[in-house]
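J.: All residue numbers for the sequence shown refer to my numbering, where the first residue is 12 and numbers rise by one.
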Amino acid sequence: MAEFTLELNDDQKQVKEWLHGFAADVIRPAAAEWDEREETPWPVIQEAAKVGIYSLDFYAQQFFDPTGLGIPMAMEELFWGDAGIGLSIVGTGLAAVGVLANGTEEQIGTWIPQMYGDADDVKVAAFCSSEPDAGSDVASMRTRAVYDEAKDEWVLNGTKTWATNGGIANVHVVVAVVDPDIGSKGHASFIVPPDTPGLSQGQKFKKHGIRASHTAEVVLEDVRVPGHCLLGGKEKLDERLARARERAKAGGERVKNAAMATFEASRPAVGAMAVGTARAAYEVALDYAKTRSQFGRPIIDNQGIAFQLADMRTRIDAARLLVWRASWMATTGKPFTSAEGSMSKLYASETARDVTAQAIQILGGNGFTREYPVERMHRDAAIYTIFEGTSEIQRLVIARTLSGMPIR
């Protein structure tokens, strides 16, 4: 088991420098353009694929880093470049985590490579969980999956929303209800292969931030997928449902559902994204404060500015520490006895929101214009307190974990 450390090894340092260079040289120069266009930055994703950043091999190397720091380090550097483009590059990873968390070895080997494609033919994937009437309230999910035993097929019907890459993905991972009588315990995840009839893109959302990332509804109308597209397989599902029904009758322990297993695994990574955005805004504000003069001296000479920057940097470093701790714990198999994963996502998300707002304040009127990137960074940062579990949901998870009570 790897010991927890704050010192990156030589290999990690090289990867960090490589990613930082790509973010500085490729992502940042393209950020404003794709934010204005509100389109998927395919050329940037292709460049990432050419150098090996957008690939199964790269994410596997980071995911299986024994220290647990590979993924958060990568997320921070890419999102330091730009959050919208960063999410376009890593958005496929959420679907991949869904397969890793719930799939068999054969399913992992079959579907994850198809999510990425290759440098000459780049593909993306989508994880579809949220619904118009079921976001944080996963127990209210309505998308149904019904098994057609005669054909060994599952039939999916429903509408998903807020799906990154929804509708344009090569592979969709869809969470659906298979047993509505046991609430969120009756959910399962399914692979919807490319060009499956009945799956279509609904509304594409025009967003406040992360505009370079495609977000849309996914409509499922009598979508038929083969039995082997049920992640984990039917035998495992039947066993899990039987245990859940027995526990429900006995009022026993809660059982994790398919969507929650994915979100728990990804929350520290989202925290790392927030750290990257916060760090980017802080660096812009620090540079501006050192070069901008008022009343004959740099504005950083004023305590009102200097103290803000001190607080910003302190919060960023504290957020990173929480993210790294949670990532290390997850990798080394240590349980989140105090909801450390949710802690990291909560604190980093709110740090990004607050730090980017402070950066605008330090830049004054310039910070409010699109001539400076902090305006975009602040818009982007708003998403971190919302997606993959709002800040309120994170607090609920933490409070329930600490108290052992069903807080509502």
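We put the CB at the ideal spot given by N, CA and C, even for glycine. A quick note: this is a predicted structure, and the numbers were derived from the prediction, not measured.
1) State the Cα-Cα distance for the pair K217 and S224, rounded to the nearest angstrom.
2) Can you grab the Cα-Cα spacing for the pair T16 / L252, in whole Å?
3) Can the beta-carbon of A292 be found closer than 7 Å to that of M388?
4) Which residue comes first and which comes last in the beta strand (DSSP E) that contains R235?
5) Is the Cβ-Cβ distance between M86 and A280 less than 7 Å?
6) Could you pull the start and end residues of the alpha helix (DSSP H) that Y70 belongs to?
7) Take D129 as the anchor and find which of L80, V110, E58 and Y158 has the nearest alpha-carbon.
8) Kindly indicate which three-state DSSP category I397 falls into: helix, strand or coil?
9) Consult DSSP for K171 and reduce its assignment to one of helix, strand or coil.
10) Look at V427 and S353 and say whether their C-beta atoms are less than 7 Å apart.
11) Quick check: the Cα distance between A137 and K171, rounded to an integer number of angstroms?
12) With DSSP as the reference, label I96 as helix, strand or coil.
13) Within 10 angstroms of the Cβ of E88, are there 16 or more other Cβ atoms? Answer buried if so, exposed if not.
14) Let's test the definition: count the other Cβ atoms within 10 Å of the Cβ of D260 and tell me whether it reaches 16, buried, or not, exposed.
15) What number of angstroms, rounded off, separates the C-alpha of I64 from the C-alpha of N176?
16) Throw me the rounded Cβ distance for the I185 and H198 pair, which I believe falls under 8 Å.
17) Give the DSSP bridge partners of D159, in chain order.
18) Looking at C-alpha atoms only, which residue of S360, Q125 and C139 is the closest neighbour of L333?
19) Answer yes or no: do E38 and I82 have a C-beta to C-beta separation smaller than 7 Å?
20) Taking a contact to mean a Cβ-Cβ separation below 7 Å, would you say G220 touches A393 in this structure?
21) Name the DSSP bridge partner or partners of V188?
22) Would you say the stretch 103-110 touches the stretch 41-52, given that touching needs at least three Cβ pairs under 8 Å?
23) Is any non-hydrogen atom of the ligand PLP found closer than 6 Å to the C-beta of M284, if you look at the structure I gave you?
24) Give the DSSP-derived three-state secondary structure of V203 in the structure shown.
25) In angstroms, rounded to a whole number, what distance separates the CA positions of S141 and L242?
26) Can you check whether the CB of L67 is closer than 7 Å to the CB of I123?
27) Kindly indicate which three-state DSSP category P309 falls into: helix, strand or coil?
28) Mind checking W53: buried by the 16 CB within 10 Å criterion, or exposed?
29) Report the residue ranges of all alpha helix (DSSP H) runs contained in full by the stretch 331-380; include only those spanning at least 4 residues, in chain order.
T.: In short:
1) Taking the first residue of the sequence shown as 1, we reach residue 217 at position 206. Taking the first residue of the sequence shown as 1, we reach residue 224 at position 213. Rounded to the nearest angstrom, the two C-alpha atoms are 10 Å apart.
2) On the sequence shown, residue 16 is found 5 positions in, with the first residue counted as 1. On the sequence shown, residue 252 is found 241 positions in, with the first residue counted as 1. Each residue's Cα considered, the two are about 40 Å apart.
3) For the purposes of this step, residue 292 is identified with residue 281 of the sequence shown, where counting begins at 1. For the purposes of this step, residue 388 is identified with residue 377 of the sequence shown, where counting begins at 1. Cβ atoms of A292 and M388: closer than 7 Å.
4) Translated into positions along the sequence shown, residue 235 becomes position 224. Element bounds for R235: T226 to P237.
5) Here residue 86 is taken as the residue at index 75 of the sequence shown, counted from 1. Here residue 280 is taken as the residue at index 269 of the sequence shown, counted from 1. Yes; because the gap between Cβ atoms is below 7 Å, this pair is in contact.
6) Numbered from its first residue, the sequence shown carries residue 70 at position 59. Where Y70 is concerned, the enclosing alpha helix (DSSP H) stretches over L67 to F74.
7) Start at 1 with the first residue of the sequence shown, and residue 129 comes out as number 118. Closest by alpha carbon: E58.
8) Numbered from its first residue, the sequence shown carries residue 397 at position 386. It is coil, neither helix nor strand.
9) By 1-based counting over the sequence shown, the position of residue 171 is 160. If DSSP states are grouped into helix, strand and coil, K171 belongs with the strands.
10) This structure does not reach residue 427, given that the chain is present from 12 up to 419, and the question cannot be answered.
11) Numbered from its first residue, the sequence shown carries residue 137 at position 126. Numbered from its first residue, the sequence shown carries residue 171 at position 160. Looking at the two C-alpha atoms, the distance is approximately 11 Å.
12) As a first step, residue 96 is located in the sequence shown; it is residue number 85 there, counting from the start. Reduced to three states, the DSSP call for I96 is helix.
13) Looking up residue 88 in the sequence shown gives position 77. Buried, by the Cβ-count rule.
14) If you number the sequence shown from 1, residue 260 lands on position 249. Going by the sequence as given, residue 260 is Lys instead of Asp. A residue is called buried when at least 16 other Cβ atoms come within 10 angstroms of its Cβ; K260 does not meet this threshold and is exposed.
15) Mapped onto the sequence shown, residue 64 falls at position 53. Mapped onto the sequence shown, residue 176 falls at position 165. Cα to Cα, I64 sits roughly 18 Å from N176.
16) The sequence position of residue 185 within the sequence shown is 174, counting from 1. The sequence position of residue 198 within the sequence shown is 187, counting from 1. For the record, residue 185 in the displayed sequence is Val; it is not Ile. Not confirmed; about 10 Å, so no contact.
17) Taking the sequence shown and counting its residues from 1, one reaches residue 159 at position 148. E164, per the DSSP bridge assignment.
18) Stepping through the sequence shown from its first residue, residue 333 is reached at position 322. The shortest Cα separation from L333 among S360, Q125 and C139 belongs to S360.
19) Translated into positions along the sequence shown, residue 38 becomes position 27. Translated into positions along the sequence shown, residue 82 becomes position 71. The sequence shown places Ile at residue 38, rather than the Glu named in the question. Not a contact, by the Cβ cut-off of 7 Å.
20) One-based indexing of the sequence shown puts residue 220 at position 209. One-based indexing of the sequence shown puts residue 393 at position 382. Contact flag set, yes.
21) For the purposes of this step, residue 188 is taken as residue 177 along the sequence shown, with counting starting at 1. Per DSSP, R155 and H198.
22) Not touching, per the Cβ criterion.
23) The ligand PLP is not among the ligands present in this structure, which contains no ligands whatsoever.
24) The residue labelled residue 203 in the question sits at position 192 within the sequence shown. Strand at V203.
25) As a working note, residue 141 is residue 130 in the sequence shown. As a working note, residue 242 is residue 231 in the sequence shown. When rounded, the distance between both Cα atoms is 18 Å.
26) The sequence position of residue 123 within the sequence shown is 112, counting from 1. The sequence position of residue 67 within the sequence shown is 56, counting from 1. Yes.
27) One-based indexing of the sequence shown puts residue 309 at position 298. Strand.
28) To locate residue 53, count along the sequence shown from 1; it is residue 42. Classification for W53: exposed.
29) 351-374
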